[in-house]
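As structure tokens, the structure follows; a few thoughts come after it.
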Amino acid sequence: MEALFGTALGTGTILLLGCALLLALSFEFVNGFHDTANAVATVVYTHTLRPGHAVAWSAFWNFLGALTSSGAVAFGIVALLPVELIVNVGSGAGVAMVFALLVSAIVWNIGTWYLGLPASSSHTLIGSIVGVGLMNSWLTANTELGEGVNWGKVGDTALSLLISPAIGFVCAALLLLLARALLRNPALYQAPVGKQPPPLPVRALLVLTCTGVSFAHGSNDGQKGMGLIMLVLIGIVPSMYALNLDVEPQSVARLAQSARASVAILEKLPGAAGAEEMSEERAQEALSLYLRKGKVEDDTRAALLRKTRAIERALIGVNALTEVPPQARANLRSDVFLVAQSIAKMARGDGVFPAANKAALVEFQHELKQVTTFIPTWVKAVTALALGLGTMVGWKRIAITIGEKIGKVHLTYAQGAAAELVAMATISVADRYGLPVSTTHVLSSGIAGTMVANKAGVQGDVVRRILLAWALTLPVCMFLGATLFAAALFIVLRLFGLH
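What the sequence shown shows, in numbering that gives the first Met the number 0, is residues 0 to 498, in sequence order.
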């Protein structure tokens with residue numbers, strides 16, 4: 000236990016940590032069987048692979064994708080959360096937030112899976128995050144409704160989730176039309192006869208696209224659970240997980256040097272003189288307020304200087320982050336997070352930093368991020384295992400919808416290949432840029448696009464049900480997230496006395 004968590008844990012802490020980790024891994028398990036059909040429906044319904052072989056193959060590549068993921072999507076999801084809950088994730092409100100997010104996402108995913116509707120796990124989680132942010136702002140004194148929600152990041156994410164189905168529909172349709180013009184083999188555009196597999200080249204292509212979609216899904220969707228697990232670990236065992244203790248000594252030395260240089264730059268900003276009299280608590284409040292509202296004031300500059308000095312002091316004489324006292328790591332993480340986020344936001348504006356110094360501050364911000372944006376190998380491994388195991392069960396309900404009910408005719412070899420190729424490419428690009436797109440939306444839209452391009456048409460009632468589920472996902476999950484956050488907050492504050 001101490002090897003993983005760096006300290007002996009009390010019984011209550013172990014129970015809390017165990018419940019939180021179990022919920023996070025359950026989310027990934029449900030995500031696995033909820034989204035498996037996206038990868039296996041085409042190879043199963045074109046008789047490229049037997050169902051058991053297809054599911055096992057997809058599970059392996061989901062596992063590998065999650066295990067080798069970059070972590071960019073994980074921290075993109077975390078950035079959507081209210082700033083004060085991230086900074087104080089170990090508080091009662093932080094614990095309530097994590098439980099509310101996970102329970103609401105699991106409930107909606109299981110519900111849509113039971114009905115055989117290919118809804119989006121990404122939309123589910125983001126809706127829950129917005130609901131938690133809205134309820135948190137409503138319950139917090141002197142805060143406007145919605146103030147704690149990172150609306151800029153929500154907008155970017157929502158845009159990627161809205162555009163990706165359109166990309167899936169249009170690109171899959173165009174790819175099928177292009178294939179018709181270039182590849183004249185009639186067998187490619189006909190439904191499979193009996194259990195006969197496709198021609199070998201097409202079969203290889205369909206296995207390749209199944210592999211690619213499975214790997215990309217694991218790499219993208221697997222990170223959502225990783226981000227939430229990291230929040231749990233940071234909140235409950237900060238001495239081990241608040242900072243990336245594996246950062247190289249050379250990087251720590253560069254960070255300390257950059258902190259000193261940044262202090263010298265920030266001291267020259269208007270209003271920075273107020274840092275001398277500002278308390279650490281007031282500095283945290285000022286930067287949190289700036290990150291919520293985006294308005295730069297003298298207090299903001301003073302607070303940024305105050306927190307940067309705190310980082311500089313914390314690194315004096317430190318050759319490795321393991322030398323930072325365990326009890327000081329949570330506070331240092333909070334300071335690093337606030338300074339990095341504030342510099343990143345200010346650097347996007349005009350006139351906040353002198354042009355000659357902006358590059359140095361941005362470089363400092365990048366160095367700060369490596370201290371807090373990390374995922375331990377064991378977290379990747381258990382998340383990948385949960386996702387892979389989930390992939391091997393429950394796949395049939397949604398696979399039937401994708402393979403049989405979207406179009407009016409049976410899926411052809413070319414349609415399956417076109418939809419899967421577009422889905423694989425779209426998700427891979429999104430993973431590269433840290434965007435949490437929906438595998439479900441891209442592939443379902445791609446299947447519909449190929450049906451329209453093939454002049455086969457779609458089943459209107461089924462498509463309407465799918466679109467209704469997509470439309471309801473965000474508002475329903477916002478409601479679930481908000482309600483469960485309020486309930487969880489009552490439980491942890493009143494019954495457990497966790498503040």
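Note that the Cβ used here is the ideal one computed from N, Cα and C, for glycine as well.
Per DSSP, the unbroken alpha helix (DSSP H) holding residue 206 starts and ends at 199 to 235. Remark: fewer than three beta-carbon pairs, one from each stretch, lie closer than 8 Å, so the region 357 to 372 and the region 388 to 397 are not flagged as touching. Assignment of residue 448 by DSSP, reduced to helix, strand and coil, places it in the helix class.
For residue 133, the uninterrupted alpha helix (DSSP H) segment begins and ends at 120 to 138. Judged by DSSP in its simplified three-state form, residue 348 adopts coil rather than helix or strand. About 5 Å separates the CB atoms of residue 241 and residue 329; that is less than 8 Å, so the two are in contact.
Residue pairing by DSSP places residue 457 opposite 406 in a beta bridge. One thing to note: residue 373 has its Cβ within 8 Å of the Cβ of residue 243. Burial check for residue 377: the Cβ neighbour count within 10 Å stays below 16, so the residue is exposed. In this structure, 194 is the residue among 317, 61, 194 with its C-alpha nearest to the C-alpha of residue 409. Under a 10 Å Cβ-count criterion, residue 69 is classified as exposed, with fewer than 16 other Cβ atoms of the shown protein chains found around its own Cβ.
The region 258 to 293 is shown to contain whole alpha helix (DSSP H) runs of 4 or more residues at 279 to 292, in chain order. Taking the Cα positions, residue 85 is about 8 Å away from residue 77.
Separation of residue 129 and residue 80 (C-alpha to C-alpha, rounded to the nearest whole angstrom) is 8 Å.
As for any alpha helix (DSSP H) of minimum length 4 sitting wholly inside the region 349 to 409, the runs are 354 to 371, 376 to 390, 395 to 399, ordered along the chain. Counting other Cβ atoms within 10 Å of its Cβ, residue 116 reaches 16 or more and is therefore classed as buried. Within the same chain, 440, 441, 444 come within 7 Å of residue 164 by CB-CB distance, once the 5 residues on both sides are set aside. In the structure shown, residue 87 falls within a coil segment according to DSSP collapsed to helix, strand and coil.
In this chain, residue 142 is not harboured by any alpha helix (DSSP H), its DSSP state being neither H nor E. With at least 16 other beta carbons inside 10 angstroms of its own, residue 64 counts as buried.
Of all C-beta pairs linking the region 298 to 306 to the region 335 to 344, three or more are shorter than 8 Å, placing the two stretches in contact. Here DSSP, grouped into helix, strand and coil, assigns residue 255 to helix.
Within its own chain, the residues whose Cβ lies closer than 7 Å to the Cβ of residue 34, once the five positions on either side in sequence are excluded, are 120, 216, 220, 438, 439, listed in chain order.
In this structure, DSSP gives residue 46 a state outside helix and strand, which the three-state scheme calls coil. In the three-state reduction of the DSSP assignment, residue 172 falls in the helix class.
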